[in-house]
Amino acid sequence: MAYLGTGRKHDLINLATELGLQVTEGLKVVELKQLITSAESYDEEFTKNLFKSIIDERMAVAAEKEAERLAVAAEKEAERQFELEKSRIEAGVSRNMTHANSSQEVTDQAKFDLSRILPKFNPKEDEIGLYLTMFERQLKFVNIPETNWIPYLIGSLPSEINQMIVKENEEDSKDYAKVKEMLLKRYRLTADRFRQLFVQHQKSAEITWKDYTFELKSYFEG
């Protein structure tokens with residue numbers, strides 16, 4: 001009966017309810033335990049396993065709510081950091097426009113600055129769908145046309161993925177929509193892997209809030 005002491009009162013109430021017992025309002029913990037163990041159909045091993053599953057479910061729900069709270073906070077911080085960087089880029093572009101002889105100079109400067117806010121894709125940890133969504137959002141923020149996205153994408157991917165893109169048909173490798181479709185098919189993580197990463201993940205001091213947001217949100221997408 002010691003196992004009944006590993007949970008909370010609400011867990012005991014849920015256990016009694018699952019066992020089909022009548023739980024009256026105001027019962028104390030000791031009375032709930034007595035109600036459960038004195039039931040005519042009481043089976044200790046079965047009840048112990050059921051109680052464990054009830055506790056595990058409660059803890060999983062609590063962990064998910066906490067993770068959602070952290071994800072929201074991380075996303076807000078990431079958006080704030082991104083807006084600051086975007087403003088800096090726009091200010092730099094505006095200054096360059098004063099001295100530039102052509103729009104190409106502005107584009108080159110924007111491209112150089114943009115590379116500082118695009119996270120590097122990690123195929124073992126990142127969710128490719130979310131990564132591409134954020135990638136597209138960043139380029140749209142600085143008004144880069146989709147026809148020019150491939151060079152930015154290649155700069156954000158590890159070399160082994162870039163080699164795979166290069167092996168594609170030349171026209172396809174220049175078409176962002178087709179490259180995106182290929183990446184989505186190749187690098188989608190499984191649902192089990194999402195959940196495993198989500199449970200284990202903690203923000204380290206080495207990564208930014210922006211990067212942490214990518215990681216957290218990717219687990220929800222699973």
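Numbering (my numbering), first residue to last: 1 to 222. Beta carbons: idealized from backbone N, C-alpha and C, even for Gly.
With three or more CB-CB distances shorter than 8 Å, the stretch 126-134 counts as touching the stretch 167-187. Using a 10 angstroms sphere on the CB of G5, the tally of other CB atoms stays under 16, which defines it as exposed.
Residue environment for Q138: buried (at least 16 other C-beta atoms within 10 angstroms of its C-beta). With a threshold of 16 other beta carbon atoms within 10 Å, E127 meets it and is buried.
Rounded to whole angstroms, the Cβ separation of K86 and V142 is 7 Å, and the two are in contact under 8 Å. Of A63, V61, A16 and K76, the smallest CA-CA separation from F51 is found for A16.
Rounded to whole angstroms, the gap between the alpha carbons of S156 and A60 is 34 Å.
Y3 is not a Cβ neighbour of K65, given a cutoff of 7 Å. Residue range W149 to S156 is occupied by the alpha helix (DSSP H) that includes Y152. Note on V179: 16 or more other CB atoms within 10 angstroms of its CB, so buried under the neighbour-count rule. The continuous alpha helix (DSSP H) containing R137 extends over residues I128 to F141. Scanning its chain for C-beta atoms nearer than 6 Å, with the 5 sequence neighbours on each side dropped, one finds around I55 the residues G7 and D11, in chain order. In the three-state DSSP reduction, R8 falls in the coil class, being neither helix nor strand. Using a Cβ distance threshold of 7 Å, L35 and L19 do not count as a contacting pair. Around the C-beta of N14, 16 or more other C-beta atoms lie within 10 Å, and the residue is accordingly described as buried.
Per DSSP, reduced to three states, the secondary structure at E40 is coil, with no helix or strand assignment.
For Y176, the enclosing alpha helix (DSSP H) covers residues Y176 to Y187. I13 carries a helical assignment under DSSP once its states are collapsed to helix, strand and coil. For M164, the enclosing alpha helix (DSSP H) covers residues S159 to V166. Nearest to D175 by C-alpha distance, out of K120, L32, Y152 and V23, is Y152.
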